Amino acid sequence: MAMGALALAGCGGGADPAAVVDTVRQTEQSQLQSIASDDVVGIARLYADDAVLVRPDGTVLHGGAEIGAEYAALIDDPNFDLTIEPTGGWASANDDLAVLTSQVQFTTSDPETGEPVTLPMNSQTVWTKDPGGSWMIRSAYNVAQEVQAPAAE
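In this note's numbering, the protein residues as written are 867 to 1019.
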């Protein structure tokens, strides 16, 4: 019995999960800076080659190249804007897996009017460390929030 407990104790990692989440959030901030500066390479480099991004309409993009191409098209939109407000996250004690949740304001141009339209979303992003030790996005799942009608006075 003592041998089993000792074996399990050796399986855990030594990382502080809160510190891991902070590190991954900083990596996420570098991606947001790439978005703000229209740097498609900087945006796409954080997506793993086998990454999956699910858009709010259910469209699935596969791989960093396809996701980067989508961002390139978005950057061409004069109204494109993306703001992220962290809402939570957790990480493994093994320092190899983290999940971040956020509320996102995703603004693009209405195809008919050209006016800016903002879609509020909830986002969950799964990050893992690649063999070189860099944090990479494995999946990003975005769900549109219901837009509430303004309250009547």
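Just so you know, even glycine gets a beta-carbon here, dropped at the ideal spot from N, CA and C.
Remember, predicted model here, so these are calculated numbers, not experimental data.
Exercise. Thinking C-alpha only, which one of Pro-952, Leu-919, Leu-948, Ser-958 is nearest Ser-900?
Worked result: Nearest C-alpha to Ser-900: Leu-948.
Problem set entry | Buried or exposed (CB count within 10 angstroms, at least 16 for buried), Leu-940 | That one is buried.
For this session: Take Ala-884 as the anchor and find which of Gly-930, Arg-1004, Ala-931, Trp-956 has the nearest alpha-carbon.
Result: When each option's Cα is compared against that of Ala-884, the closest is Trp-956.
Problem set entry | Spatial distance of Trp-993 from Gly-934 (CA atoms) | Annotation: Trp-993 to Gly-934 spans about 17 angstroms, alpha carbon to alpha carbon.
Problem set entry | CA-to-CA distance, Ala-1006 to Met-867, given in whole angstroms | At Met-867, the pLDDT of 35 sits below 50, so the modelled position is not reliable; the number obtained from the coordinates is stated separately. Using only the alpha carbons, I get a separation of about 42 angstroms.
Exercise. What are the residues that DSSP puts in a beta bridge with Ala-964?
Worked result: Ala-957, Trp-993
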